[in-house]
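Q:
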Amino acid sequence: MSVHSILVVDDEILTLSNLKKALEREKYEVYLAETGEKALEMIDIYKPSLVLLDLMLPGISGIEVLRRIKERGGETIVIMMTAYEILEKAVEAMKIGAYDYLLKPFKINELKNTIRRALETLSLRIRVQEHVKSEKGRYYFGKIVSVSRKMREAIETAQRIAQVDKTTVLILGESGTGKELLAKAIHYHSPRADKAIVEINCAAIPDNLMESELFGYEAGAFTDAKKRKIGLLERADEGTVFFDEIGDMSLNIQAKLLRVLEEETFMRLGGDKKIKIDIRVIAATNRDLFQASKEGTFRPDLFYRLNVVPIRIPPLRERKEDIIPLALHFIQELNLELKRSFKGISKEAAVALENYPWPGNVRELRNVIERIMSLYLSDEIQMRHLPFEIKNYVKSHEEKVIEDLIGENHFLTLEELEKRYIKKVLLHTQNNKTQAAKILGIHPASLFRKLKAAQ
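Take any residue in the sequence shown, count from 1 to its spot, add 95: that is its number in this note's numbering.
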């Protein structure tokens, strides 16, 4: 357990001596300063957890010392010491950022209790900061694996909007594309990062419970309401609310949520007092809310209220160039988790992974990689390791490609088949011969010779 350090600042030598003895008996590390100037020097050197600061000092005043401590930032807590006749100065100090004040002469037990409470507050604040730092690392934008243009555009939009404090974000995308990951990255890189992010899965909470979960209730609001319950929206005050699968929210709750977003107030069930909240809303859905609003299953006014900054995460089949980088990223993660030593993916298996349509998106890809690494001991993922559905899809896909090239019951010479296949690949690459040669597995010079011979 680390020892807290305390700097005592007072121009009375006897006071300094008495406080040093009393605090050292409590196992604190104690430093002393007789002036504000000396105190600021010692803060820079020793970085104490807490400063006991007298208001009346020779040279710069205690108020000025407090102001400079707060300007420097950091987590040092300041408790002011003052005589009754200058109590108004202590009130001013509280406004600047002092934790508390003690009126001289004070009892040692009063001092000990105030210091204990202050250091508990400091410990809590540090734990919150450590959590935020950890979550920022976990949900860091740079850790979202992507090389495709579409995904990079989505991430860049998210990075820009994260810095804007209250703007509502609507994340659109199929199941498994990473909507929750992006929502948390936005929160942990926003000005609200040190406040709560409250996640509400609209598909998982039954409609008859959603209202009490969101708004809470007062004791006696209904039969089983034995005591007051604080709702999820109230818990998120000054932070972020993430409504996952908001397209599954009932029309009744949609209307009540819209009122909250517009008025920034609500009432608990059974309550008569309006509660003001300050929240940022991030919503996500795999449904087409515009179409749902036309069909009457989603309120148009709520859709437009949420659709301030829409971010669409493309499905994995639309960003094939991300498949292998993602797979390699998961291999690296799972090597640590599963104590394996996979180094990569064979060329044949990589082609199969790239050509599979991934209906479950990134979540399905990670599950497949985890399944393979759990079942096999190898240095690379090979074709034989792939699940049946991927191998079967590749086989069917290859048969279809050949059928498309030669037609049913119509056979070609190898030379003619090669010409047609090269033509199809060039069409796919928009006549980019370097890329076509890469797909064909030949040197660009060889492709140029074949094209020249075919003329």
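Glycine residues also receive a C-beta, built at the ideal position from the N, C-alpha and C atoms. If you're wondering where the values come from, they're calculated on a predicted model, not measured in any experiment.
Decide if the stretch 425-440 is in contact with the stretch 390-397; the criterion is three or more beta carbon pairs, one per stretch, under 8 Å apart.
A: Because the criterion of three Cβ pairs below 8 Å is not met, the stretch 425-440 and the stretch 390-397 do not touch.
Q: Let me make sure I understand the geometry here. Which of GLU124, THR529, PRO153 has the alpha-carbon closest to that of LYS142?
A: Taking the first residue of the sequence shown as position 1, residue 142 is located at position 47. The shortest C-alpha separation from LYS142 is found at GLU124.
Q: Could you have a look at LYS371 and say whether DSSP puts it in helix, strand or coil?
A: On the sequence shown, position 276 is the one that residue 371 refers to. Three-state DSSP puts LYS371 in a strand.
Q: Below 8 Å on the Cβ atoms is my contact criterion, and I expect VAL240 with PRO420 to pass it. Report the Cβ-Cβ distance as a whole number of Å.
A: Working through the sequence shown from its first residue, we reach residue 240 at position 145. Working through the sequence shown from its first residue, we reach residue 420 at position 325. Their Cβ separation, rounded to whole angstroms, is 5 Å, which keeps VAL240 and PRO420 in contact under 8 Å.
Q: Can you list, in chain order, the residues of its chain whose CB lies under 7 Å from that of MET96, leaving out five sequence neighbours each side?
A: Along the sequence shown, one-based indexing puts residue 96 at 1. Per-residue confidence for MET96 stands at a pLDDT of 44, beneath the threshold of 50, marking its modelled position as unreliable; the derived number appears in the next sentence. Taken in chain order, the list of residues that qualify is empty.
Q: Hey, quick one: how far does the alpha helix (DSSP H) through ASP281 stretch, first residue to last?
A: As a first step, residue 281 must be located in the sequence shown, where it is residue number 186. The question names Asp, but residue 281 is Ile in the sequence shown. Here the alpha helix (DSSP H) through ILE281 covers 274-283.
Q: Rounding to the nearest angstrom, what Cα-Cα distance links VAL520 and LEU535 in this structure?
A: Along the sequence shown, one-based indexing puts residue 520 at 425. Along the sequence shown, one-based indexing puts residue 535 at 440. If you take the alpha carbons of VAL520 and LEU535, they lie about 8 Å apart.
Q: Going by other Cβ atoms of all chains shown within 10 Å of its Cβ, with 16 needed for buried, is ILE325 buried or exposed?
A: Position 230 of the sequence shown holds residue 325. The residue in question, ILE325, is exposed, as its Cβ has fewer than 16 Cβ neighbours within 10 Å.
Q: So, with DSSP's three-state summary, where would you put THR524?
A: For this step, residue 524 is matched to residue 429 along the sequence shown. It is coil, neither helix nor strand.
Q: Which residue's Cα is closest to the Cα of GLU132: THR335, GLU475, LEU152?
A: Taking the sequence shown and counting its residues from 1, one reaches residue 132 at position 37. Residue LEU152 is the option with its Cα nearest to GLU132.
Q: With DSSP collapsed to three states, give me the class of PRO405.
A: Numbered from 1 along the sequence shown, position 310 holds the residue referred to as residue 405. If DSSP states are grouped into helix, strand and coil, PRO405 belongs with the strands.
Q: Output the boundary residues of the alpha helix (DSSP H) element that contains TYR196.
A: By one-based count along the sequence shown, residue 196 stands at place 101. Premise fails: TYR196 lies in the beta strand (DSSP E), 195-199, not in any alpha helix (DSSP H).
Q: Within 10 angstroms of its Cβ, does LEU109 collect 16 or more other Cβ (buried), or is it exposed?
A: On the sequence shown, residue 109 is found 14 positions in, with the first residue counted as 1. Answer is exposed; the Cβ neighbour count stays below 16.
Q: With C-beta atoms as the reference, is LEU267 less than 9 Å away from ASN381?
A: Against the sequence shown, residue 267 aligns to sequence position 172. Against the sequence shown, residue 381 aligns to sequence position 286. Yes, Cβ-Cβ distance for LEU267 and ASN381 is below 9 Å.
Q: According to DSSP, ALA128 sits in a beta bridge with which residue or residues?
A: Position 33 of the sequence shown holds residue 128. DSSP lists VAL104 as partners of ALA128.
Q: Can you confirm whether the stretch 331-343 touches the stretch 371-380 when touching is taken to mean that 3 or more C-beta pairs between the two stretches lie within less than 8 Å?
A: Yes, they touch.
Q: Roughly how many angstroms separate the alpha carbons of GLU313 and ASP319, rounded to a whole number?
A: Indexing the sequence shown from 1 puts residue 313 at position 218. Indexing the sequence shown from 1 puts residue 319 at position 224. Each residue's alpha carbon lies about 11 Å from the other.
Q: What residues match up with THR380 in a beta bridge as DSSP calls it?
A: Stepping through the sequence shown from its first residue, residue 380 is reached at position 285. In the DSSP output, where bridge partners are listed per residue, THR380 has LEU267.
Q: Please determine, among LYS279, GLU248, ARG479, the residue with the shortest C-alpha to C-alpha distance to ASP289.
A: As a working mapping, residue 289 is identified with position 194 in the sequence shown. Minimum Cα distance to ASP289 is reached at LYS279.
Q: From this set, GLU121, LYS116, LEU102, which residue's C-alpha is nearest ALA128's C-alpha?
A: As a working note, residue 128 is residue 33 in the sequence shown. Of the listed residues, the one whose Cα sits closest to ALA128 is LEU102.
Q: For the alpha helix (DSSP H) that ILE426 lies in, which residues bound it at each end?
A: The sequence position of residue 426 within the sequence shown is 331, counting from 1. Taken as a continuous stretch (DSSP letters only), the alpha helix (DSSP H) holding ILE426 covers 418-433.
Q: Could you please give the first and the last residue of the uninterrupted alpha helix (DSSP H) stretch that includes GLU357?
A: Start at 1 with the first residue of the sequence shown, and residue 357 comes out as number 262. 346-358 is the extent of the alpha helix (DSSP H) around GLU357.
Q: What's the C-alpha gap between SER388 and PHE398?
A: Working through the sequence shown from its first residue, we reach residue 388 at position 293. Working through the sequence shown from its first residue, we reach residue 398 at position 303. Roughly 7 Å between the two C-alpha positions.
Q: Do three or more CB pairs link the stretch 300-316 to the stretch 341-350 at distances below 8 Å?
A: Yes, the stretch 300-316 touches the stretch 341-350.
Q: Can you give me the Cβ contacts of PRO409 inside the same chain, cut-off strictly under 8 Å, excluding the 5 residues immediately before and after it?
A: Looking up residue 409 in the sequence shown gives position 314. These residues qualify, in order along the chain: SER243, LYS245, MET246, ALA249, GLY268, THR272.
Q: Let me make sure I understand the geometry here. Which of SER270, LYS115, LYS528, ALA548 has the alpha-carbon closest to that of ASP383?
A: Against the sequence shown, residue 383 aligns to sequence position 288. Cα-wise, what sits closest to ASP383 is SER270.
Q: Does the ligand ADP have a heavy atom nearer than 8 Å to the CB of MET246?
A: Annotation note on the ligand ADP: not contained in the displayed structure, which lists no ligands.
Q: Nearest-angstrom Cα distance between GLN530 and GLU358?
A: Here residue 530 refers to the residue found at position 435 when the sequence shown is read from its first residue. Here residue 358 refers to the residue found at position 263 when the sequence shown is read from its first residue. If I take the Cα positions, the gap works out to 55 Å.
Q: From the DSSP output, which residues share a beta bridge with LYS324?
A: Counted from its first residue, the sequence shown places residue 324 at position 229. According to DSSP, which records beta bridges pairwise, LYS324 is partnered with TYR312.
Q: Assuming ASP195 contacts ALA178 under a Cβ cut-off of 8 Å, what Cβ separation, rounded to an integer in Å, is found between them?
A: As a position in the sequence shown, residue 195 is number 100, starting the count at 1. As a position in the sequence shown, residue 178 is number 83, starting the count at 1. Not quite, the Cβ-Cβ distance comes to about 16 Å (not below 8 Å), so this is no contact.
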